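The numbering of the sequence shown is my numbering, which starts it at 4 and goes up by one.
Just so it is clear, CB atoms sit at the ideal spot from N, CA and C, and this is done for glycine as well.
Since this is a predicted model, take the numbers as computed values, not measurements.
This report concerns only the one structure given below.
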Amino acid sequence: MKRFFGSIRKRPVALVSVIILALLYGSMILAELLTPYTPATVFRNHNYHPPNVRLYSPELGFRPQIQRHVLVDEINWRYAPIRGEYTPIRFLVRGPRYRMWGLFETDIHLFGTNRPYADDGRTWSDGGRTYPVFLFGADHLGRDLYTRVLHGSRISLTIGFIGITISLTLAIILGGLAGYYGGFLDWLVMRIAEFFILIPGLYLILFLRSVLSRDMDSGQSFILITVILSFVGWPGSARLIRGLVHSIKREDFITAAQLQGIPALVIVFRQIIPQMASILIVSITLGIPGFILGETVLSYLGLGIIDPAVSWGSLLNRQIASLANLRNYPWFMYPGLFLLLTTLSFNFLGDLLRDVLDPYYREKKIQ
4 MKRFFGSIRK
14 RPVALVSVII
24 LALLYGSMIL
34 AELLTPYTPA
44 TVFRNHNYHP
54 PNVRLYSPEL
64 GFRPQIQRHV
74 LVDEINWRYA
84 PIRGEYTPIR
94 FLVRGPRYRM
104 WGLFETDIHL
114 FGTNRPYADD
124 GRTWSDGGRT
134 YPVFLFGADH
144 LGRDLYTRVL
154 HGSRISLTIG
164 FIGITISLTL
174 AIILGGLAGY
184 YGGFLDWLVM
194 RIAEFFILIP
204 GLYLILFLRS
214 VLSRDMDSGQ
224 SFILITVILS
234 FVGWPGSARL
244 IRGLVHSIKR
254 EDFITAAQLQ
264 GIPALVIVFR
274 QIIPQMASIL
284 IVSITLGIPG
294 FILGETVLSY
304 LGLGIIDPAV
314 SWGSLLNRQI
324 ASLANLRNYP
334 WFMYPGLFLL
344 LTTLSFNFLG
354 DLLRDVLDPY
364 YREKKIQ
């Protein structure tokens, strides 16, 4: 840890990456509190609304506020800001009720205006007295994009950790036993791994997802996508672990453990795997973005998460149907920006951990 904190102070890019990841995962955990609406809240007649948050106006001065817009083109959904029409943004306001972490019920939201909800908490209807807050703009149905991005991060970010956990567990078990025992088991595991490696990963993922049933709810789709990505991702890690175990098992302390009659699985998990902890940690940080991108590709192609659930990939699929959409409504790229920041942050963090934890790399740098 001393090496880690010493190195991160010398590398501003890695420090910024850690801060970004901490903010992203913190926002994911507190999504209901940090968003003014629910992901399904629809604001009628506000389709394709541009971002309307301002920090300054002559009327209200320097403070968070929203500017009212008027629809000037109903065919192309063009809006024009109304000069002098500003509404202050209030903090810790009341809104739709939700259960925080499933433990207690509350209706407190970080920011918003006056209560802009109907009784069902899903549609905006208050006689025009207030105006919705669109920090990132609105989508084609008039839903707040900021709210949907933060709630969508729950699927996109958690699928990386769950997927890498399943994939790495398979790789440790199969690769560890193959490297420890050798012989026919080693040959069999490596041939299976090579078979999956020879098939392009994206094509295999698309094939497996397309042949399986699409009549699934959001939870079943999430589980299925995670299992498919994990099933495709384990061979490369298994080959690496097999080689490391094969070399470590020749050490004297492993021979001593074998002479004591300790079971093979105990030797692999308690004495061999800890010797590879640095490499496994780096593999995790570099593998998580791959699972996130895999889910994004499936959802973008319509084979992943579907309504009412939301993920970054499904947001890109629904909003960026053409280049004209991207040109006319550039705020639709916010999910892609979050995806880019997450991927780059994990990669920079992985580079830092490699420098800190891998003794072979440190020795090579010193030489």
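Practice item. Confirm, please, whether the CB-CB distance from LEU232 to GLY297 is below 8 Å. Key: Sequence index remark: in the sequence shown, residue 297 carries index 294 (1-based). Sequence index remark: in the sequence shown, residue 232 carries index 229 (1-based). It is a contact, given that the beta carbons lie within the stated cut-off.
Check your understanding: Do you know how far the Cα of THR90 is from the Cα of PRO333?
Key -> Stepping through the sequence shown from its first residue, residue 333 is reached at position 330. Stepping through the sequence shown from its first residue, residue 90 is reached at position 87. The straight-line gap separating the alpha-carbon atoms of PRO333 and THR90 is approximately 24 Å.
Review point. Going by C-alpha distance, which of TYR28, GLY64 and GLY140 is nearest TRP80?
Key: Position 77 of the sequence shown, counted from the first residue, corresponds to residue 80. Among TYR28, GLY64 and GLY140, the Cα nearest to that of TRP80 belongs to GLY140.
Practice item. Over the uninterrupted beta strand (DSSP E) stretch that includes ILE85, give me the two end residues. Key: Along the sequence shown, read from residue 1 onward, the residue named residue 85 stands at position 82. ILE85 -> beta strand (DSSP E) spans 81 to 91.
Practice item. Within the same chain, show all residues whose beta-carbon is closer than 6 Å to that of ALA34, passing over the 5 residues directly before and after it, in chain order. Key: By 1-based counting over the sequence shown, the position of residue 34 is 31. Closer than 6 Å at Cβ, skipping near neighbours: LEU153 and HIS154.
**Study point:** CB contact flag (TYR82, HIS112, <8 Å)
**Key:** Along the sequence shown, one-based indexing puts residue 82 at 79. Along the sequence shown, one-based indexing puts residue 112 at 109. Not a contact, by the Cβ cut-off of 8 Å.
Point to revise | Top-ranked residue by Cα proximity to SER30, from TYR149, ASP142 and VAL96 | key: Looking up residue 30 in the sequence shown gives position 27. When only C-alpha atoms are compared, the closest one is TYR149.
Practice item. Pair every Cβ in the stretch 226 to 246 with every Cβ in the stretch 164 to 178, then say whether three or more of these pairs are closer than 8 Å. Key: Short answer: they touch.
Exercise for review: Give the DSSP-derived three-state secondary structure of VAL269 in the structure shown.
Suggested key: Here residue 269 is taken as the residue at index 266 of the sequence shown, counted from 1. The three-state reading of DSSP puts VAL269 in helix, counting H, G and I together.
Practice item. Would you mind sorting GLY305 into buried or exposed? The rule is 16 or more other CB atoms within 10 Å of its CB. Key: Within the sequence shown, the letter at position 302 stands for residue 305. Per the 10 Å Cβ criterion, exposed.
**Study point:** Three-state secondary structure assigned by DSSP to HIS143
**Key:** Sequence index remark: in the sequence shown, residue 143 carries index 140 (1-based). DSSP places HIS143 outside both helix and strand once states are collapsed to three, so it counts as coil.
Review point. Residues bridged to ARG97 by DSSP?
Key: Here the question's residue 97 lines up with position 94 in the sequence shown. Paired residue(s): ILE111.
Check your understanding: Can you give the Cα-Cα distance for ALA260 and ALA267, rounded to whole angstroms?
Key -> Within the sequence shown, the letter at position 257 stands for residue 260. Within the sequence shown, the letter at position 264 stands for residue 267. CA-CA distance, ALA260 to ALA267, rounds to 9 Å.
**Study point:** CA nearest to the CA of TYR183, picked from LEU352, ILE244, TYR28 and PRO39
**Key:** On the sequence shown, residue 183 is found 180 positions in, with the first residue counted as 1. Closest in alpha carbon position to TYR183, among LEU352, ILE244, TYR28 and PRO39, is ILE244.
**Study point:** With 16 other Cβ atoms within 10 Å as the buried cut-off, status of LEU24
**Key:** The count along the sequence shown starts at 1 and reaches residue 24 at position 21. By the Cβ neighbour-count rule, LEU24 is buried, with 16 or more other Cβ atoms within 10 Å of its own.
Review point. With which residues is ILE69 paired in a DSSP beta bridge?
Key: Residue mapping note: residue 69 aligns to position 66 of the sequence shown, counting from 1. ILE69 is bridged to VAL56 and THR90.
Check your understanding: Are the beta-carbon atoms of ARG253 and MET193 separated by less than 8 Å?
Key -> Here residue 253 refers to the residue found at position 250 of the sequence shown. Here residue 193 refers to the residue found at position 190 of the sequence shown. Judged by their CB atoms, ARG253 and MET193 are not nearer to each other than the 8 Å cut-off.
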